[in-house]
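Q:
Residue numbers (the working numbering): 7 to 184.
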């Protein structure tokens, strides 16, 4: 700030001024002091305007940061809700598919049981179908859980980046000279 430099110049003049003998009074150049005081009077309103502008800009940045944080929070919340809905949909589909596979297996078992000459073979095939259906159902459930976990991990990563951005913005704001 130029005003501070001018005040430093005044102080230098006073510090370097020779003292009168047997006195604490000093001899200074009146014209030089008047010139510096005149410059201070000229510069001071500009410095005040600049300080006011800095204050207003700081306030704008704070308001914008709050808006951005709220927007990011809402966006994360919406994504999280979508992921939850997607997870529930996938689990419901997996359960439906598992039920269909089980019904088909039960139907095949019943068909095989109904054939009297191959009851033993039917029982073996039925067990295999049930086991295969159970394995398929388990794979479907595990796959849907893995997919949901992947979506949640992606959201967590996105949220972490957003938090880091917010922290960075806050640090930048704290370091902003006002």
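Even glycine gets a Cβ: it sits at the ideal position worked out from N, Cα and C. None of these values were measured; they are calculated from a predicted model.
Just how far apart, CA to CA, sit residue 157 and residue 89?
A: Between residue 157 and residue 89, the C-alpha separation is close to 7 Å.
Q: Would you call residue 12 buried or exposed, if buried means 16 or more other Cβ atoms sit within 10 Å of its Cβ?
A: Classification for residue 12: buried.
Q: Which residues in the same chain as residue 114 place their Cβ atom closer than 8 Å to its Cβ, once the five residues preceding and following it in sequence are excluded?
A: If we look at residue 114 and ignore the five residues flanking it on each side, its Cβ neighbours are 131, 132 and 135.
Q: Specify, as a first and last residue, the run of the alpha helix (DSSP H) that residue 9 falls within.
A: Counting along the chain, the alpha helix (DSSP H) containing residue 9 begins and ends at 8-22.
Q: On the three-state DSSP scale, how would you describe residue 32?
A: The answer is strand: DSSP assigns residue 32 an E or B state.
Q: Within the chosen definition, does the stretch 80-99 reach the stretch 135-155 through at least 3 CB pairs nearer than 8 Å?
A: The stretch 80-99 vs the stretch 135-155: in contact.
Q: On a CA-only basis, which of 51, 107 and 34 is nearest residue 232? Give me that one, please.
A: Lying before the first or after the last residue shown, residue 232 is absent from the chain, which here runs from 7 to 184.
Q: On the premise that residue 82 lies in contact with residue 168, defined as a C-beta separation below 8 Å, what is that separation, rounded to the nearest angstrom?
A: Their Cβ separation, rounded to whole angstroms, is 7 Å, which keeps residue 168 and residue 82 in contact under 8 Å.
Q: From this set, 175, 68 and 18, which residue's C-alpha is nearest residue 38's C-alpha?
A: Looking at the Cα atoms, 18 is the closest of the given residues.
Q: According to DSSP, residue 181 sits in a beta bridge with which residue or residues?
A: The partner list for residue 181 (beta bridge, DSSP) is empty, contrary to what the question assumes.
Q: For the stretch 172-181 against the stretch 53-73, are there 3 or more C-beta pairs whose distance is under 8 Å?
A: Taking 8 Å as the limit for Cβ pairs, the verdict is that the stretch 53-73 does touch the stretch 172-181.
Q: Note down the Cα distance separating residue 51 from residue 10, rounded to an integer number of angstroms.
A: Going from the Cα of residue 51 to the Cα of residue 10 covers about 13 Å.
Q: Under 8 Å Cβ to Cβ from residue 49, same chain only, skipping five residues before and after it: list those, please.
A: The answer, listed in chain order, is 8, 9 and 12.
Q: Which same chain residues, not among the five before or five after residue 76, have their C-beta less than 7 Å away from its C-beta?
A: Excluding residues within five positions, none has a Cβ falling inside 7 Å.
Q: May I ask you to list the residues that DSSP assigns as paired with residue 175?
A: Note: residue 175 sits in no beta bridge, so no partner.
Q: Between residue 141 and residue 103, which are expected to be in contact by the criterion C-beta below 8 Å, what is the C-beta distance as a whole number of angstroms?
A: With a Cβ gap of about 13 Å, residue 141 and residue 103 do not count as contacting.
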